[in-house]
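Here is the structure we will look at.
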DNA sequence: AATCTCTACAACCGCATACCC
DNA sequence: TGGGTATGCGGTTGTAGAGAT
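So this is what it looks like as structure tokens:
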């Protein structure tokens, strides 16, 4: 990630540290642009690892743990930003049914996605759906519903290439708005599998 | 326009394991 | 081999922003 990207994406929100910036105290809360830049530049020159030492040498008043997390989840150049694609969502569904909450394992199969991102996706989107349908998110019934929806989504995307006349996907017709918002799909598309 | 509520996600925490001396 | 430290992982919390009232 370039410094410019950081400039545009990093919040310059108010820091959560106390107003009297005591040099001996470790900072917590949201990272500032300045901190991101220090971390990126330091790792660019010296590489990752030895996080506690790195934090000190980079001049960051953060724990090594905090630096590692910031780098891995946000600053690392190959971290992919933006919504998960239906294909990625399907993969997560499959892998989660195999391994459960082994987020780091699952993340290894989705290049550019972090365990934190996948975990957040599962908790905020998938579990929300499960609650709505009043089924366990780990149940096969629920997985079938979601799989069906995502398959339809992927298929509709494919079909759009060759035709605008696409039959309705019936599986989700009852809950198009809910599913669409949860899985980042425009409602009209989700409801009809066409556009 | 002000306030409230909800959602998404960044960041923290505690614990387990790996590593090093 | 045992103790201390570093790292990685999964669960949880805090916050900003968007939308609703």
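Residue numbers (our numbering): 233 to 427.
We put the CB at the ideal spot given by N, CA and C, even for glycine.
Predicted model only: the values in this text are computed from it and were never measured.
query: Terminal residues of the continuous alpha helix (DSSP H) containing residue 320?
result: Working through the first chain from its first residue, we reach residue 320 at position 88. From DSSP, the alpha helix (DSSP H) with residue 320 extends over 318-331.
task: Quick one: grab the DSSP three-state call for residue 265.
output: Working through the first chain from its first residue, we reach residue 265 at position 33. DSSP places residue 265 in helix when its eight states are reduced to three.
- request: Tell me, to the nearest whole angstrom, how far the beta carbon of residue 307 is from that of residue 271; I am working on the premise that it is less than 8 Å.
  value: Here the question's residue 307 lines up with position 75 in the first chain. Here the question's residue 271 lines up with position 39 in the first chain. The pair is a contact, with the Cβ atoms about 6 Å apart (cut-off 8 Å).
Chain-order list of residues whose beta-carbon lies under 7 Å from that of residue 327 (same chain, five-residue window excluded): If you number the first chain from 1, residue 327 lands on position 95. Once the five neighbours on either side are set aside, the close Cβ partners of residue 327 are 338 and 341.
message: Just to confirm before moving on: does the CB-CB distance between residue 320 and residue 345 stay below 8 Å?
response: Your numbering for residue 320 matches position 88 in the first chain. Your numbering for residue 345 matches position 113 in the first chain. Yes, the Cβ-Cβ distance between residue 320 and residue 345 is below 8 Å.
query: Can you tell me whether DSSP reads residue 272 as helix, strand or coil?
result: Locating residue 272 in the first chain gives position 40, counting from the first residue. Of the three classes helix, strand and coil, the one that applies to residue 272 here is helix, per DSSP.
- request: Let me know the secondary structure DSSP gives residue 361 once reduced to three states.
  value: As a position in the first chain, residue 361 is number 129, starting the count at 1. Residue 361: helix per DSSP, three-state reduction.
- prompt: Going by Cα to Cα distance, which pick from 353, 335 and 310 is closest to residue 347?
  reply: As a working mapping, residue 347 is identified with position 115 in the first chain. It is 335 whose Cα lies nearest to the Cα of residue 347.
message: Here's the rule I'm using: 16 or more other beta-carbon atoms within 10 Å means buried, otherwise exposed. How should residue 343 be labelled?
response: The count along the first chain starts at 1 and reaches residue 343 at position 111. Its Cβ having fewer than 16 others within 10 Å, residue 343 is exposed.
field: Cα-Cα separation between residue 261 and residue 387, rounded to whole angstroms
entry: For the purposes of this step, residue 261 is taken as the residue at position 29 of the first chain. For the purposes of this step, residue 387 is taken as the residue at position 155 of the first chain. Rounded to the nearest angstrom, the two C-alpha atoms are 42 Å apart.
- request: Could you name the residues of the same chain whose beta carbon sits closer than 6 Å to that of residue 283, not counting the 5 residues immediately before and after it, in chain order?
  value: What you label residue 283 is simply residue 51 of the first chain in a count that begins at 1. Contacts found: 296, 299 and 300.
field: Segment limits, alpha helix (DSSP H) that includes residue 347
entry: To locate residue 347, count along the first chain from 1; it is residue 115. Start and end: 347-353.
message: I need the boundaries of the alpha helix (DSSP H) containing residue 338, first residue and last residue.
response: Counted from its first residue, the first chain places residue 338 at position 106. Counting along the chain, the alpha helix (DSSP H) containing residue 338 begins and ends at 335-340.
task: Measure the C-alpha to C-alpha separation of residue 313 and residue 374 and round it to an integer number of angstroms.
output: Here residue 313 refers to the residue found at position 81 of the first chain. Here residue 374 refers to the residue found at position 142 of the first chain. Each residue's Cα considered, the two are about 27 Å apart.
message: Below 8 Å on the Cβ atoms is my contact criterion, and I expect residue 379 with residue 325 to pass it. Report the Cβ-Cβ distance as a whole number of Å.
response: Position 147 of the first chain, counting from 1, holds the residue named residue 379. Position 93 of the first chain, counting from 1, holds the residue named residue 325. With 8 Å as the limit, residue 379 and residue 325 qualify as a contact, their Cβ atoms being about 6 Å apart.
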